[in-house]
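What follows is a single structure, written as structure tokens, with notes after it.
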Amino acid sequence: MKKRFAFFCLTVIAAVAFFFSGQAPVHAEKTYTIGTDVTFPPFVYANSNNKYVGIDMELIRSIAKEEGFKIKIKPLGFNAAVQSVSSGQTDGVIAGMTITDERKQTFDFSNPYYESGIVMAVSPKSGIKGLQDLKGKKVAVKTGTQGATYANSIKKKYGFKVVTFDDSDNVYNDVKTGNSAACFDDSAVLNYGVKTGLGLKVVTKPTDIGQYGFAVKKGQNQELLKMFNKGLAKLKKNGKYNQIIKKYTGAAATSSTKKSNNKKDAESNTFIGLIKQNRQAIGSGILETLKLTVLSIIFATIFGVLIGLLGVIPNKFAQGVSTVIIYIFRGLPLLVLALFIYNGIPSLTGSKIPAFVAGIITLTLNEGAYTAAFVKGGIEAVDSGQMEAARSLGLPFRKAMSKIVLPQGIKIMVPSFINQFIITLKDTSILSIIGILELTQTGKIIIARNLQGFKVWTIVAVIYLLLITILTLLSKWVERRIND
Amino acid sequence: MTDLKVDVKNLVKNFGDNHVLKGINFEVANNEVVVLIGPSGSGKSTLLRCLNRLEDPTSGKIVIDGKDISDSKTNIDQARENIGMVFQHFNLFNNLTVEQNIALAPTELGKASKEEAADQAKKLLETVGLVDKYDAMPRSLSGGQKQRVAIARALAMKPDIMLFDEPTSALDPEMVGDVLAVMKKLAKEGMTMVVVTHEMGFAKEVADRVVFMADGKVVEEGKPTDVFEHPQNDRTKAFLEKVINV
Ligand SMILES: Nc1ncnc2c1ncn2[C@@H]1O[C@H](COP(=O)(O)OP(=O)(O)OP(=O)(O)O)[C@@H](O)[C@H]1O
Ligand SMILES: [Mg+2]
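Protein sequences, first through last, are from chains S and C. Each step along the first sequence adds one to the number in our numbering, with nothing skipped, and position 319 is 319. Just add 484 to the spot in the second sequence (first one is 1) and you have our numbering.
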């Protein structure tokens, strides 16, 4: 029973892995996965077609073309992108990343491709003119950036508190709403933002000048690093490099973006406009959320029922295994579990997992643990006399369980199952942390581009409620069928 | 091999520190009806449950129909097919109809085809006087009806031995007679039976032997008339006085 169960689990996991890894295209040229930020204009951002553009994107694409290799861009967010390189999930990272001694411990950097310093930006309405005005105030920064390091290094001296966010968008918003008095970020980014109508103003001169580099994990993917350097040199020589920089920072570029921002604002200020404009992105986000939900529900139910059953068979060892599995996976926060599986497992085993598979495994384990707990509880809630009567007739444990106890237990469990399905649907949103482009991540990216936080989150929330309503109605229908 | 259907030697059963059975020796001959009596907590149910290993004995030997039940190598499921059990609280399968309750084990264990089992269920329901409940769900039955279905269910496996654990004590008084009537019929047909009950009338009329247990031991046993009218042991006397006074 135990062996068979373990075998079954492995088969399921292998099947999932196979199914999804089978979708990865096989090319003659080597394809490198490049992690990047979700939004860090002018270096990385999604344009209105949800295509990733910016200095970093154009550079890496041009270099790949120049040197004849293929790339797959993964907008994971700066932090996740950096982590996924060090865990081997991705091959390289280009995300306006400053070359520092500390980072050199874990990464090998290319030759610098851009120079930038740290500046401070404030809301134009605030009276803050410099660092000395920050005493007792809050300052917003983005996790893991040079701006954050700089802010932390001077916070004692100037007496302010540092608040960290995962996305630039949240950093700027916090300053605009007045929660934070100021933010620190790279000059190129902030200047670009200011020029394109971000609604902040820069009040300090660049300090802590740093150089941006493309990075790979220390000692790994050296050929990729060489190709990057070679390609970069070529681009600088043939003028393409300057062309790219100018395209994104020149006066013409920024003013045209500003204009299109304004134009876009006018037509997409309404909910309908926003939905229309992002129809495709939202549609594929919903699809991804549904895929995650359905597959996770199926696997979590199988996993949970098996672990739950393991907990009621008359064998101390099996019960122990069940209890421990439930304890661990119900105890771990979903977010931690997702990051652990996506980043941690590859560090241990040396092989990558696609984010989608990591997401399914995460939800299977977490939702499965909850399922196991109520499956066990449901079975235990069936009067023990039922099992005894069945066994006393000579029915083996499995028959007694499947014919008598389970059918009665399932009735008890049905409401918990429905509840768990709804929770699973909601929990898929947490998988945005590992860069899966589901509904929440889609929302984040749309906001990163148009800064319409309130409206976009409203749309996303309504869509979730609709999906949950459909799922609930479907479950109730099934419940009625079971009870008849 | 002797004519013994049940042969229990030096059976000990502990629940942790609670020593419930303290070395029981207990025999039942073929076709014999034995009534087990004794105060609450004396271990009657535990003894009965050890006979089909619903409880694992701590030590001692239990041989039923020549099979050593206490040996872990014995196929307990096969042994149980031959030992019917009727519970105080009936334990009918709540998710199945009356017919399915009776037919489940024979069909699942390959003893009969679906049709045969359904036929047999009907016949058994006739003997317990409940043919009209063939398609009923257990929850729609009265306690007495439930218990008669439970007896029919146990009989469907054609056991050699039937164990009854206080089959009438959860019933309203007016239901008791019907259930006892079924049990008497069984006894007359020569079924080997071990019955835990406080129905002294039944014991006097049907039992070949009465066994009095107290405090995890067999204290006294003999013909019903002997035990009831001339109890030897003080505890038996005390117990019988109480039961009769009730
Ligand atoms: N599963 C169990 N776990 C622990 N103790 C038990 C268990 N089953 C029975 N006991 C204990 O064993 C003792 C004997 O119980 P048993 O049910 O055999 O008595 P009984 O003679 O059938 O009593 P009654 O007439 O009340 O049914 C009691 O002290 C009871 O608490
Ligand atoms: Mg009892």
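Even glycine gets a Cβ: it sits at the ideal position worked out from N, Cα and C.
Given residue i as reference, the closest of the options once Cα atoms are compared
i	options	result
residue 507 of chain C	C/628, C/698, C/661 and C/523	C/698
residue 575 of chain C	C/654, C/705 and C/540	C/654
residue 297 of chain S	S/482, S/154, S/95 and S/417	S/417
residue 248 of chain S	S/330, S/114 and S/164	S/114
residue 670 of chain C	C/680, C/656, C/690 and C/490	C/690
residue 686 of chain C	C/701, C/665, C/558 and C/673	C/665
residue 42 of chain S	S/403, S/33, S/32 and S/58	S/58
residue 342 of chain S	S/102, S/117, S/86 and S/271	S/86
residue 90 of chain S	S/375, S/105 and S/352	S/352
residue 609 of chain C	C/582, C/599 and C/628	C/582
residue 626 of chain C	C/595, C/714 and C/573	C/573
residue 46 of chain S	S/68, S/76, S/102 and S/250	S/76
residue 675 of chain C	C/492, C/513, C/509 and C/620	C/513
residue 673 of chain C	C/559, C/611 and C/728	C/611
Exposed unless 16 or more other CB atoms sit within 10 angstroms - verdict on residue i
i	result
residue 476 of chain S	exposed
residue 502 of chain C	exposed
residue 444 of chain S	buried
residue 429 of chain S	buried
residue 391 of chain S	buried
residue 349 of chain S	exposed
residue 632 of chain C	buried
residue 327 of chain S	exposed
residue 124 of chain S	exposed
residue 362 of chain S	buried
residue 495 of chain C	buried
residue 681 of chain C	buried
residue 527 of chain C	buried
residue 562 of chain C	exposed
residue 105 of chain S	exposed
residue 339 of chain S	buried
residue 132 of chain S	exposed
residue 619 of chain C	exposed
residue 358 of chain S	buried
residue 709 of chain C	exposed
residue 722 of chain C	exposed
residue 366 of chain S	buried
residue 283 of chain S	exposed
residue 36 of chain S	buried
residue 384 of chain S	exposed
residue 485 of chain S	Chain S is shown only over 1 to 484; residue 485 of chain S falls outside these bounds and no answer can be derived.
CB of residue i within 7 Å of CB of residue j, strictly
i	j	result
residue 516 of chain C	residue 488 of chain C	no
residue 225 of chain S	residue 108 of chain S	yes
residue 394 of chain S	residue 592 of chain C	no
residue 425 of chain S	residue 288 of chain S	no
residue 203 of chain S	residue 129 of chain S	yes
residue 696 of chain C	residue 683 of chain C	no
residue 536 of chain C	residue 586 of chain C	no
residue 34 of chain S	residue 63 of chain S	no
residue 580 of chain C	residue 388 of chain S	no
residue 497 of chain C	residue 542 of chain C	yes
residue 602 of chain C	residue 590 of chain C	no
residue 150 of chain S	residue 99 of chain S	no
Closer than 6 Å: residue i CB and nearest ligand 3 heavy atom
i	result
residue 701 of chain C	As far as ligands go, the structure on display features ligand 1 and ligand 2 and does not contain ligand 3.
| said: Could you tell me which whole beta strand (DSSP E) segments of length 3 or greater appear in the segment 691-722 of chain C? | reply: 693-698 and 701-706
| query | Just by C-beta distance, which residues in the segment 398-430 of chain S are closer than 7 Å to chain C? | reply | 399, 403, 404, 407 and 408
| request: May I ask you to list, following chain order, the residues of the segment 522-538 of chain C that have a beta carbon less than 8 Å from some beta carbon of chain S? | output: 536 and 538
| query | Which residues, in order along the segment 557-569 of chain C, keep a beta-carbon less than 9 Å from a beta-carbon of chain S? | reply | 560, 561, 562, 563, 564, 565, 566, 567, 568 and 569
| query | Listed in chain order, which residues of the segment 152-172 of chain S have Cβ atoms closer than 7 Å to some Cβ of chain C? | reply | none
| field | Members of the segment 327-358 of chain S that neighbour chain C once the beta carbon cut-off is set at 7 Å | value | none
| query | Curious, which full-length alpha helix (DSSP H) runs of at least 4 residues does the segment 46-85 of chain S contain? | reply | 55-67
| task | Anything in the segment 366-397 of chain S with a Cβ closer than 8 Å to a Cβ of chain C? List those residues in chain order, please. | result | 383, 385, 386, 388, 389, 390, 391, 392, 393, 394, 395 and 396
| message | Extract the residue ranges of the alpha helix (DSSP H) inside the segment 570-617 of chain C, only unbroken runs of 4 or more that lie entirely within it. | response | 582-592 and 598-611
| task | Could you run through the segment 640-657 of chain C and flag, in chain order, every residue whose CB is less than 7 Å away from some CB of chain S? | result | 641
| field | 4-residue-minimum alpha helix (DSSP H) runs that sit fully inside the segment 307-339 of chain S, ordered along the chain | value | 316-331 and 334-339
| task | Any chance you could list the beta strand (DSSP E) runs of at least 3 consecutive residues sitting entirely within the segment 190-252 of chain S, in chain order? | result | 207-212 and 215-217
| query | Just by C-beta distance, which residues in the segment 589-611 of chain C are closer than 7 Å to chain S? | reply | 589, 592 and 593
| query | Where in the segment 378-459 of chain S do unbroken runs of the alpha helix (DSSP H), each at least 4 residues long, occur, reported from the N-terminal end onward? | reply | 384-392, 397-400, 406-427 and 439-450
| request: Within the segment 148-184 of chain S, note down every full beta strand (DSSP E) run reaching 3 residues or more, in order along the chain. | output: 161-165
| task | Give, in chain order, every residue of the segment 576-590 of chain C whose Cβ lies closer than 7 Å to some Cβ of chain S. | result | 577, 578, 579, 588 and 589
| Of all the residues that make up the segment 674-692 of chain C, which are near chain S by a beta-carbon distance shorter than 8 Å? | none
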